[in-house]
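2 protein chains.
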Amino acid sequence: MTGRQEADSIERRSGVSLWRQIADRILQSIAIGDFAENAALPPEMALAGRYGVNRHTVRSAISALVQEGVLRAEQGRGTFVLSRKRLSYPIGARTRFSTGLQGQTSERHIVLLASSVEPASQRVAEGLGLARGTEVIRLETRGEADGRPVSRAAGWFDARRFAGIDKAMAETGSVTASLARFGIDDYLRQSTVLSARHADAADLADLDLQPGAIVLVTVAVNVTPDGQPIQFSESRFPAERVELKLSAL
Amino acid sequence: MTGRQEADSIERRSGVSLWRQIADRILQSIAIGDFAENAALPPEMALAGRYGVNRHTVRSAISALVQEGVLRAEQGRGTFVLSRKRLSYPIGARTRFSTGLQGQTSERHIVLLASSVEPASQRVAEGLGLARGTEVIRLETRGEADGRPVSRAAGWFDARRFAGIDKAMAETGSVTASLARFGIDDYLRQSTVLSARHADAADLADLDLQPGAIVLVTVAVNVTPDGQPIQFSESRFPAERVELKLSAL
DNA sequence: TATAGTTGTCTATATCAATAGACAAATTTA
DNA sequence: TAAATTTGTCTATTGATATAGACAACTATA
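These protein sequences, in sequence, are chains A and B. Take the first sequence: its letter number 145 is residue 219 in this note's numbering, and every next letter is one higher. Take the second sequence: its letter number 219 is residue 293 in this note's numbering, and every next letter is one higher.
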């Protein structure tokens, strides 16, 4: 019956500043529900003690989170939690953006950021079962829920079969509706591969994140019920706002 | 047909140092297979140009990766890639550690780090369908493949039903084999929730990571075929070494 | 054998990150 | 009202991070 200490400490000389690490911790504990909405954060001196750093270092972390709109500081009173728990984004055989977040948000939609026609790269070609270099349509989209960006995705489609899907997407704001125009009434998720990394500059801009944030990355292939690949996609989710819930595939 | 620039730049004043961000990028591109094993990295000056930083900053990133055993630098010749692509860890209805990595590694096993009996916390109790405070056994384990840590997990079991599972685990090194001693021949994964964050001090130590690394976190419940919860678990995977492949049932 | 290209080491300087202390400003509590 | 608590602002100092330039050491190649 050996014990095991829950590490509450912080890494120095890591290339990640202490204030950023502390901001991550606070964000994490809010996300898992340690603080109710509008609850007060412990005083700066208490946090400084907990993490073994100077009060000013804690203040840097807090001011970053105030900047992000996660916390609100009031002189003389305390610092308070604004944001709620993470959204839980379901992933399964029939993953659809709009239906997935029902009940968690009052409003959600997809914005088409950009589209282009390009030759298929190695991985896109493999995913779609096409020859490398075949023309494909790429759609760059952003998912928003209650006005906040919750995903950023690039989707690739066979350009010959789905010519004009960019227009359909712009008009309908829905992948499912756009595919329906091409006679696809149902589709399934064949495979999903998951990883995580630091957000790059494009992620930061499109997802309205602060530098140093983490994104979850899924790479997926959607197929028709008879197994024909129709869409290859790479989606990025801000880890501080979204968790992925894997349902029966 | 609007274009969209692939951002290759780096964020300043983010709380994450430039050398750490560059090291992450290099790690990422190795992981997705941009470089073959033993391939040469671009020269330091080229990388400095690409990321818009000084050569010395690139050198800091490289020396961190040399320290981690990912790269090997040779004076006069270049810098070379040692490590291979990420392991792909399958997650599905019948997720098992040992069978999951077959074919990708020559050797794999689980080490029992610690065990304890404790009252169930809110989320553990919910997951296992027990009253809060019921005694549960916690097993802390580490998964290793080819001598490298690839996962770190905490598993909780009803202490009354699975008394002695810690000993079974220590002897067999397998959850599946340990459960078999209690008459459980088959079990399924009922739910999995996925998130990502920076590694904390315990993660760094147990997974042999450098500070600033990212971990993928899964929280899962395993059930018997008739739906009875038997195990609640939280696993952490080093994002630089592992990706999660969601497979169908 | 030169020459070009690459990594390794050194010095110097500027900026960011973190610590330390003091006190002001606002709010709550005794 | 007075005291205690908490956030806000200021100055100063130290160490880590990043830039800049020069040159040495080593390798491959023309």
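Where a beta carbon is used, it is the ideal one built from N, C-alpha and C, also for glycine.
CB contact flag (residue i, residue j, <8 Å)
{"i": "A/Val297", "j": "A/Leu253", "result": "no"}
{"i": "A/Phe311", "j": "A/Ser225", "result": "yes"}
{"i": "A/Thr179", "j": "A/Ala219", "result": "yes"}
{"i": "B/Ile211", "j": "B/Ile165", "result": "no"}
{"i": "B/Ser222", "j": "B/Leu187", "result": "The sequence shown places Arg at residue 222 of chain B, rather than the Ser named in the question. No."}
{"i": "B/Gly152", "j": "B/Ala122", "result": "no"}
Inter-residue CB distance, residue i and residue j (contact presumed, cutoff 8 Å)
{"i": "A/Val90", "j": "B/His272", "result": "7 Å"}
{"i": "B/Ala105", "j": "A/Ala270", "result": "No, B/Ala105 and A/Ala270 are not in contact; Cβ-Cβ is about 11 Å, not under 8 Å."}
{"i": "B/Val289", "j": "B/Glu308", "result": "About 11 Å; that fails the 8 Å criterion."}
{"i": "B/Gln284", "j": "B/Ala138", "result": "6 Å"}
{"i": "A/Val144", "j": "A/Leu92", "result": "So it is not a contact: roughly 18 Å between Cβ atoms."}
{"i": "B/Ile304", "j": "B/Ile258", "result": "6 Å"}
{"i": "B/Leu320", "j": "A/Leu320", "result": "6 Å"}
Spatial neighbours of residue i in its chain, beta-carbon cut-off 6 Å, leaving aside the 5 residues before and after
{"i": "B/Glu317", "result": "Arg160 and Ser162"}
{"i": "B/Glu181", "result": "Asp220"}
{"i": "A/Val267", "result": "Val293"}
{"i": "B/Ser189", "result": "Leu213 and Asp240"}
{"i": "B/Phe109", "result": "Val155"}
{"i": "B/Phe306", "result": "Val198, Gly201, Leu202, Trp230 and Val295"}
{"i": "A/Val140", "result": "Ala147"}
{"i": "B/Ser265", "result": "Val295"}
{"i": "A/Ser157", "result": "Val144"}
{"i": "B/Ala135", "result": "Trp93, Ile96 and Ala97"}
{"i": "B/Val291", "result": "Ser269 and Arg310"}
{"i": "B/Val277", "result": "The sequence given here has Asp at residue 277 of chain B, not Val. Taken in chain order, the residues that qualify are Val289 and Arg310."}
{"i": "B/Gly107", "result": "Lys159"}
Buried versus exposed call for residue i [16 or more other C-beta atoms within 10 Å across all chains shown]
{"i": "B/Thr76", "result": "Caution is warranted here: a pLDDT of 31 is assigned to B/Thr76, below 50, making its placement in the model unreliable, and the coordinate value is therefore given only provisionally. So B/Thr76 counts as exposed."}
{"i": "A/Gly126", "result": "exposed"}
{"i": "B/Glu118", "result": "buried"}
{"i": "B/Gly286", "result": "buried"}
{"i": "A/Glu111", "result": "exposed"}
{"i": "A/Glu209", "result": "exposed"}
{"i": "B/Asp336", "result": "Look at the range of chain B in this structure, 75 to 323, and you will see that residue 336 of chain B is not part of it."}
{"i": "A/Arg315", "result": "buried"}
{"i": "B/Ala279", "result": "exposed"}
{"i": "A/Gln260", "result": "Correcting the residue type first, residue 260 of chain A is Asp in the shown sequence and not Gln. Looking at its Cβ environment, which holds fewer than 16 other Cβ atoms inside 10 Å, A/Asp260 is exposed."}
{"i": "B/Asp300", "result": "exposed"}
{"i": "B/Ala244", "result": "exposed"}
{"i": "A/Ala313", "result": "buried"}
{"i": "B/Gln79", "result": "With a pLDDT of 27 at B/Gln79, under the threshold of 50, the modelled position of that residue is not reliable, and no figure is offered here."}
Own chain, CB closer than 8 Å to residue i, minus 5 neighbours either side, in chain order
{"i": "B/Ala251", "result": "Ala242"}
{"i": "A/Glu85", "result": "Gln95"}
{"i": "A/Arg87", "result": "none"}
{"i": "A/Val191", "result": "Glu209, Val210, Ile211, Arg212 and Ala233"}
{"i": "B/Glu142", "result": "Gln284"}
Neighbourhood of residue i by C-beta, 7 Å cutoff - its chain only, sequence neighbours within 5 removed
{"i": "A/Ala246", "result": "For the sequence presented, residue 246 of chain A should be read as Thr rather than Ala. Excluding residues within five positions, the ones whose Cβ falls inside 7 Å are Ser252."}
{"i": "A/Arg133", "result": "Glu118"}
{"i": "A/Gln196", "result": "Arg206"}
{"i": "A/Phe236", "result": "Ile211 and Phe256"}
{"i": "B/Leu204", "result": "Ala194 and Asp232"}
{"i": "A/Asn128", "result": "Ala122"}
{"i": "B/Arg170", "result": "Thr250"}
For the region 90-115 of chain B, enumerate the residues whose C-beta is nearer than 7 Å to any C-beta of chain A, in chain order.
Val90, Ser91, Trp93, Arg94, Gln95, Asp98 and Gln102
* Asked: Got a sec: which bits of the region 152-163 of chain B sit with their beta carbon under 8 Å from any beta carbon on chain A, in order along the chain?
  -> Arg160 and Ser162
In the region 260-272 of chain B, which residues sit with their C-beta less than 8 Å from some C-beta in chain A, listed in chain order? Ser265, Thr266, Val267, Leu268, Ser269, Ala270, Arg271 and His272
Check your understanding: Name the residues in the region 135-154 of chain B whose C-beta lies less than 8 Å from a C-beta of chain A; which are they?
Key -> Ala138
*the region 222-251 of chain B: which residues have C-beta closer than 7 Å to a C-beta of chain A, in chain order?*
none
Mind checking the region 294-320 of chain A against chain B and listing, in chain order, the residues whose C-beta falls within less than 7 Å of any C-beta there?
Ala313, Glu317, Leu318, Lys319 and Leu320
(request) Taking only beta carbons into account, state which residues of the region 187-210 of chain B come closer than 8 Å to chain A, listed in chain order. (result) Leu187, Ala188, Ser189, Ser190 and Val191
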